[in-house]
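The structure appears right after this line, and notes come after that.
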Amino acid sequence: MKRHIRLLRTAVVGGASLALTLSLAGCGGSGDGAGGDSDTIRVLVYGDATNKVEKQLVDTFNKTSKVKAVLDTIPGADYQSKLQTIISGKQAPDVFFNWGGGSIKPFVDAGLLMPLDDFIAKDPKLKSDFLPSVFDTAVVDGKPYGVPMRGTQPVLLFSNEKVLEEAGVTAPRTWDELLAAVKALKAKGVTPIALGGGDKWPTQMWFQYVYDRVAGPELFAKAVKGDKDVWASADSRKALGMLKELIDAGAFGTNYDSVKFTDGGSPALLATGKAAFELMGSWEYSTLQDAYPDFVKSDLGYGAFPAVTGGKGNGDNIAGNTNNFYSVLKSTEHPEAVAEFLKLMYSDEFVKAQLAIGNLPTTTNTPKFLDTAANPEYSKYQYDLVKKAPAFQLSWDQAFPPAATTTLHQAVQQFFNGQSDADAFIAAMQSLPAA
Amino acid sequence: MTPATGVGRPGFAWAAPAAVFFGLFALVPLLLVVVLSFTRWNGLGSPEFAGLENWSKLLDDPVMVKSLWLSLVLTVLGVVVQTPISILLGVWAAGHQRNRAVLSAIYFVPLLLSITAVSVLWRAVLDPNFGVPSQATWLFGDGNLFGVQASALGVLVFVSTWQFTPLHTLLYQGAARAVPQVLYQAAQIDGAGRVRQFFHITLPQLRNTVVTSTILMVVGGLTTFDTVLILTQGGPGTDTTNSAYYMYQKAFKSFDFGTASAIALLLVLVASLVSLVMVRLSGYDKMRSTMEGV
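Taken in order, these protein sequences are the chains called D and B. Those letters in the first sequence? Residues 195 to 629, per the numbering used here, in order. Those letters in the second sequence? Residues 2 to 295, per the numbering used here, in order.
See below:
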C-alpha cells in the first residue's frame with residue numbers, strides 16, 4: 195500500500211515536470227505564431243555594421259505606412275543556414291537580404307519567392323534606377339527576384355605603394371607585368387601577394403578574374419547553368435596553366451593556407467609591408483582604415499585586375515559581389531506595403547546613408563552624392579569602374595547554389611597547394627550542381 | 002508488511018522524467034535521422050523518398066572513408082597523448098604538499114575556458130607571420146601549420162590536449178588519493194623504490210580510472226567538432242575533415258540533410274561498435290573493486 199502511494203506521488207511529480215516542459219514548449223510555439231501578426235511586414239537582414247542604415251529606412255517607412263515594418267537580424271556567419279531553416283516555416287520573413295544568383299535559386303525552385311514583374315510594371319523605377327549589371331544578378335530564370343539594397347563590392351588589386359617603390363615596381367596593368375613584379379618583389383625578400391588561403395574564398399578570387407580575362411564571362415555563365423564541357427575547354431586549361439605559373443613563381447609565398455583574411459592576417463601582411471599586393475573585395479579599404487589608418491593615408495594603392503594579352507575577356511570586366519538584394523516571399527500578406535518599402539532603396543535618403551558609412555550604392559542617382567561619401571575619391575573610382583564594366587562576374591560561390599560551396603572551396607584550395615592538378619580541378623568543377 | 006519488503010528497488014516512475022527526456026531528445030531525433038537518411042531534402046518543402054541513394058553514394062565517397070579514418074586518428078592520438086600526461090600530473094597532484102595544491106589549481110584553468118575561445122586564441126598564437134612560428138623558424142619552418150595535414154592534425158590534438166588534460170588529471174588525482182597508504186608502507190618495508198611503487202601499486206590501482214578516462218576521451222575524440230570548425234575548417238582540402246565536421250558541412254553548408262543524416266548514423270554505428278569493443282576488452286561490465294578488504 196505504502197508503495198503504491200509512493201508510486202502515485204512520483205507519477206504526479208513526474209507528470210507535473212513533464213507538463214511544465216510541454217507548456218514551456220507550448221509557449222515557444224505560441225510566441226512564433228505571434229510573429230505572423232497581420233499588421234506588420236518582417237524584414238530579415240544579415241547582421242553587421244550596415245544594420246544602422248536598414249534601421250533608419252525602416253523608421254522612415256513606418257512614419258508614413260499603416261503596415262509597420264519590423265527589422266530582424268541574423269549575425270553574419272550563420273545567415274544562410276538559419277535563413278534556409280526558417281524560410282519555408284511559420285517564422286519566414288516577408289522580405290529578406292540575399293546575394294542574388296545561386297543564393298536564392300533554391301528558394302525560387304521551391305516556389306517560395308515572388309517575381310517582381312508586377313511591382314516593376316507599377317513602378318518602373320524599381321528596375322530602371324539601378325545599374326543593369328548589378329540588377330541582373332538577382333534575375334533567375336529570366337525573372338527579377340531582387341532589388342539592390344546595400345553597396346557594390348567589386349574585387350580590386352590592392353597594393354602597398356611604398357613596398358612597390360622600393361622594389362622598383364609599378365602597379366601591373368597586364369599579366370606579364372604582374373609576373374615581372376612578382377619576380378622583382380621576391381628578389382627583395384617580400385612576399386609578392388598576400389593571400390588569406392585559410393578562408394578559401396580569397397583564393398577563389400584569383401580563379402574568377404583569370405578565367406574572366408582568358409575566356410570572357412561566357413565560360414562561367416555556361417558552367418553555372420550546367421554545361422560541364424566548358425571546364426575541360428582549352429581556355430579553361432590555359433587559365434589554370436597561368437595560375438599554376440603564378441603559384442610556382444612563389445607569388446603567394448608558402449604558408450598562405452595558414453593565413454586568413456577574416457582574422458586580420460592577410461591585411462596585416464599588406465599594411466606592414468611584408469607583402470606587396472592583395473586581391474580583395476572593396477571592403478578591404480574600410481578594414482585597413484580601421485586597423486591601419488596611417489597606412490591608408492600614405493601608402494595604400496588600388497587598381498583593376500591586370501589585363502591578359504590575347505584573352506577573350508575585356509580588361510574592364512570586374513568580379514565580386516555586385517550588391518546585396520531584398521527578395522520578397524510569395525506568402526507575404528502585404529505586397530503593396532512591401533512594394534512601397536522597396537521604393538526606398540533608390541531614394542536619396544538611402545544613397546546618402548549608405549555613402550556615409552562607406553558603402554557604395556548602385557542606383558543611378560548615386561553620382562549626385564558621391565562628394566558626401568566617407569572617402570569620395572575611392573567611391574568615385576569604384577562607381578566609374580562598375581558603371582563602365584561590360585560584365586560584372588558574381589563571386590563563383592554565390593553564383594552557384596549553396597550546395598556547391600564546399601566542393602568549390604576545396605577545389606580552389608587543393609589546386610593552389612598542389613594537392614590536385616588541372617585534371618582533378620576540372621573534375622571537381624564538373625561535379626558541381628547547376629544553378 | 003515487513004520493513005524488508007518496503008525497502009525495495011525504486012519504482013519505474015522514478016526513471017520516468019529521465020526516460021521521457023531521453024526519448025524526446027535522443028530516441029525520437031535518432032528515429033527521424035534514420036528516416037531522413039533515406040530521403041532527399043534541402044530543408045525546403047518536404048523530404049522526398051530516395052531509397053538507398055544517400056547510402057550508396059556515401060559508401061563510394063572517398064571523403065567519407067577518409068573522414069572516418071581521421072576521426073579514428075584524432076581519437077587514438079588524443080588518448081595516446083593525454084593519458085600519460087594526465088596520469089603523471091594526477092599522481093603528482095595527489096600529494097598533499099602546498100605547492101602542489103596551488104599549481105594544480107592553476108593547471109585546472111584551461112578546463113574553465115570555452116573550447117571556442119581556446120581555439121580562437123590558439124589560432125592567433127599560431128599565426129605564421131605574426132604569431133609564435135614567425136619567432137621560432139628553427140622549429141616551425143615557414144609556419145604553414147594549417148596548410149599541411151600532419152601539422153594541422155597536430156594542432157588539433159594539441160589544443161584538445163591543452164584543454165582536456167586537466168579534467169583527466171582531476172580524475173587521476175582523486176583516484177590516486179584513494180589508494181590506501183598501507184600498500185606503499187608495505188612496499189617501502191620490502192625495499193621498493195618510488196618507480197617500482199608507481200608501476201606496481203599506483204598504476205594497477207588506477208586501472209578502473211584508466212578505463213573511465215579512456216572512454217571519455219574516445220567519446221570526445223570521435224565527436225571532435227568545435228576545434229575543427231574554428232582551427233582548420235576541415236582543411237587543407239579535406240585533410241582534417243573528420244566525420245562530425247563532414248556531417249556539419251553536408252547539413253549546414255550544402256543543405257543535403259539526407260546525406261548528413263546517413264553520416265550521422267554511420268558515426269553512431271561506429272561509436273557503438275567502438276564502445277562495445279572497449280567494454281568487452283576492459284571488463285568494464287564486470288568491474289570489481291580493487292580496494293583492500295572490500
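Using N, Cα and C, we set each Cβ at its ideal position, and we do this for glycine too.
Exercise for the section: Can you grab the Cα-Cα spacing for the pair S259 (chain D) / A547 (chain D), in whole Å? Expected result: 21 Å
Exercise for the section: Tell me, please, whether the stretch 101-109 of chain B touches the stretch 163-183 of chain B by the rule of three or more beta-carbon pairs shorter than 8 Å. Expected result: yes
Practice task
Using a Cβ cut-off of 7 Å, pull out every chain D residue sitting near N145 (chain B), in sequence order please.
Solution key: T448, N449, D451, S452
Practice task
Establish whether the CB of G459 (chain D) and some CB of chain B are separated by less than 7 Å.
Solution key: yes
Practice task
Determine the DSSP secondary structure at G371 (chain D), reduced to helix, strand or coil.
Solution key: This sequence places Glu at residue 371 (chain D); Gly is not what is there. Correct three-state label for E371 (chain D): helix.
Exercise for the section: With G24 (chain B) as the anchor, note down where its alpha helix (DSSP H) starts and where it stops. Expected result: Counting along the chain, G24 (chain B) falls outside any alpha helix (DSSP H), and DSSP gives it neither H nor E.
Exercise for the section: Could you say which of B:T203, B:D61, B:A51 lies nearest to G175 (chain B) if we only look at CA atoms? Expected result: B:T203
Handout entry: Range covered by the beta strand (DSSP E) that runs through S353 (chain D)
Key = 347-354
Problem - Enclosing beta strand (DSSP E) for I632 (chain D) [first to last residue] - result: Here chain D covers residues 195 to 629 and nothing more, so residue 632 (chain D) does not appear.
Exercise for the section: Check whether the Cβ of A445 (chain D) lies closer than 7 Å to any Cβ atom in chain B. Expected result: no
Problem - Under 7 Å by beta carbon: chain D residues contacting R124 (chain B) - result: D457
Exercise for the section: May I ask which residues mark the beginning and end of the beta strand (DSSP E) holding V212 (chain B)? Expected result: Taken as a continuous stretch (DSSP letters only), V212 (chain B) belongs to no beta strand (DSSP E), being part of the alpha helix (DSSP H) at 208-223.
Handout entry: Members of the stretch 224-254 of chain B that neighbour chain D once the beta carbon cut-off is set at 7 Å
Key = G236, P237, G238, T239, Q250, F253, K254
Exercise for the section: Give the interface partners of N100 (chain B) over in chain D, defined as CB-CB distance under 9 Å, in chain order. Expected result: Those do not exist, as N100 (chain B) stays about 38 Å from chain D at its closest Cβ, beyond 9 Å.
Practice task
Just the chain D side, please: which residues come within less than 7 Å of P129 (chain B) by C-beta, in chain order?
Solution key: N449, S452, V453
Practice task
Taking only the alpha-carbon atoms, compute the straight-line gap between S57 (chain B) and G459 (chain D) and give it to the nearest angstrom.
Solution key: 41 Å
Exercise for the section: Take every Cβ of the stretch 275-283 of chain D, pair it with every Cβ of the stretch 21-31 of chain B, and state whether three or more of those distances are shorter than 8 Å. Expected result: no
Practice task
Locate the beta strand (DSSP E) running through M474 (chain D), then write down its first and last residues.
Solution key: 469-475
Practice task
Please decide whether G148 (chain B) counts as near chain D, where near means a Cβ-Cβ distance under 7 Å.
Solution key: yes
Handout entry: Three-pair Cβ contact test at 8 Å for the stretch 343-356 of chain D versus the stretch 508-520 of chain D
Key = yes
Problem - Y246 (chain B), DSSP secondary structure in three states - result: helix
Handout entry: Through-space distance from Q483 (chain D) to A286 (chain D), alpha-carbon basis
Key = 37 Å
Handout entry: Counted within 10 angstroms of its Cβ, other Cβ atoms place E478 (chain D) as buried (16 or more) or exposed
Key = buried
Handout entry: Segments of 4+ residues assigned as alpha helix (DSSP H) that fall wholly inside the stretch 382-435 of chain D
Key = 395-409, 411-418
Handout entry: Burial state of L202 (chain D), where buried means 16 or more other Cβ atoms lie within 10 Å
Key = Since pLDDT at L202 (chain D) reaches only 43, below the 50 mark, its modelled position is unreliable, and no value is offered.
Problem - Enclosing alpha helix (DSSP H) for D303 (chain D) [first to last residue] - result: 299-303
Problem - Bridge partner(s) assigned by DSSP for F50 (chain B) - result: B:T40
Practice task
Examine chain D for any beta-carbon lying closer than 7 Å to the beta-carbon of L154 (chain B), and answer yes or no.
Solution key: no
Practice task
Label D226 (chain D) either buried or exposed according to how many other C-beta atoms from any shown protein chain fall within 10 Å of its C-beta, with 16 as the threshold for buried.
Solution key: Here D226 (chain D) scores only 38 on pLDDT, less than 50, and its place in the model should not be relied on; the value that follows carries that caveat. Its Cβ having fewer than 16 others within 10 Å, D226 (chain D) is exposed.
Practice task
Taking 7 Å as the cut-off, decide whether the C-beta atoms of D177 (chain B) and V92 (chain B) are in contact.
Solution key: The amino acid at residue 177 (chain B) is misidentified as Asp; the sequence shows Ala. Cβ atoms of A177 (chain B) and V92 (chain B): closer than 7 Å.
Practice task
Spell out a yes or no on whether the stretch 395-413 of chain D and the stretch 590-610 of chain D are touching, meaning 3 or more CB-CB pairs, one atom from each, closer than 8 Å.
Solution key: yes
Practice task
Determine, using beta carbons only, whether R236 (chain D) and D288 (chain D) come nearer to each other than 7 Å.
Solution key: yes
Practice task
Under 8 Å Cβ to Cβ from K299 (chain D), same chain only, skipping five residues before and after it: list those, please.
Solution key: V334, P595, A629
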